[in-house]
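Each residue of the sequence shown is one higher than the one before, starting from 6 at the first, in the numbering used here.
By construction, the Cβ of each residue, glycine as well, lies at the ideal position given by its N, Cα and C atoms.
Given the structure is predicted, the values throughout are model-derived calculations rather than measurements.
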Amino acid sequence: MFSLSPDWAGIFEMILILLVILIGYSIAEYFLQKHFHPDTTDRSSFLITPEYCFAFGVGILEFLVESIIFPSKSKLGNKCSIFGLIGMTIGLAIRFSAILHAGKSFTHRLAFRKEPEHKLITTGIYRYIRHPSYLGFLIFAISSQIYLTNPIAIIGFYVRLSIFFRQRIDIEERYLLKFFPEYEKYRKETRTWMILLF
């Protein structure tokens with residue numbers, strides 16, 4: 006089990022791939038916001054917050070520690086890494102298709118007043134999933150920890166994201182009901198597909 010000579014090349018490769026994916030994700034988020042909201046896009050549109058950096062930093066730290074103890078963990082191509090990469094791809098596909106379909110109606114910031122460009126989107130991916138961008142990010146984030154085979158971080162990410170999305174959805178839906186009376190019917194008929202704690 007414990008090895009005095011961990012596979013540093015494998016460890017580096019796994020971390021590098023994750024960092025490239027995370028950087029690509031942040032750049033895509035920024036440019037999608039820039040495309041639909043050029044006047045309000047700023048550095049925060051990269052979605053790189055201290056909490057985000059801390060979470061992924063802890064995930065990478067867990068991976069490093071466990072890779073030293075269990076060297077086989079750091080092999081790209083193991084079942085967890087492949088499953089995690091597939092999950093990250095699916096999560097990002099869901100998130101980005103939600104953003105592209107909603108267009109100007111999608112923002113990173115909660116809207117507390119209805120703007121003329123705001124429309125209730127119930128077609129495309131929204132026909133099947135309520136809050137698909139949140140579901141996509143949840144799948145992406147948890148899959149990133151599956152990719153690293155991080156049992157502790159998988160649980161930590163799930164608990165923290167459950168709290169975050171539960172609070173955010175509660176606030177967002179309160180305003181969606183004010184802006185769009187027909188949202189009540191949509192909410193009853195369309196699931197989030199997220200199993201959130203709390």
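Can you tell me where the alpha helix (DSSP H) holding residue i begins and where it ends?
| i | result |
| --- | --- |
| residue 192 | 188 to 194 |
| residue 18 | 13 to 41 |
| residue 126 | Neither: residue 126 is in no alpha helix (DSSP H) and is coded neither H nor E. |
| residue 51 | Element bounds for residue 51: n/a, residue is neither H nor E. |
| residue 167 | 156 to 184 |
Pull up the distance between the alpha-carbon of residue i and that of residue j, whole angstroms please.
| i | j | result |
| --- | --- | --- |
| residue 275 | residue 18 | Outside the displayed range of the chain (6 to 203) lies residue 275, so it cannot be described from this structure. |
| residue 129 | residue 139 | 16 angstroms |
| residue 24 | residue 146 | 13 angstroms |
| residue 106 | residue 14 | 40 angstroms |
| residue 154 | residue 77 | 11 angstroms |
| residue 88 | residue 152 | 7 angstroms |
| residue 178 | residue 133 | 17 angstroms |
| residue 159 | residue 200 | 14 angstroms |
| residue 26 | residue 94 | 10 angstroms |
| residue 188 | residue 119 | 14 angstroms |
| residue 184 | residue 58 | 34 angstroms |
| residue 67 | residue 168 | 22 angstroms |
| residue 3 | residue 65 | What is shown of the chain runs 6 to 203, which leaves residue 3 out entirely. |
| residue 213 | residue 116 | Absent from the structure is residue 213, since the part of the chain shown begins at 6 and ends at 203. |
By the 10 Å Cβ neighbour count, where 16 or more other Cβ atoms means buried, how is residue i classified, buried or exposed?
| i | result |
| --- | --- |
| residue 131 | buried |
| residue 52 | exposed |
| residue 36 | exposed |
| residue 38 | buried |
| residue 49 | exposed |
| residue 16 | buried |
| residue 136 | buried |
Quiz item: What are the complete beta strand (DSSP E) segments, minimum 3 residues, inside the region 82 to 151?
Solution: Listed in chain order, there is nothing to give.
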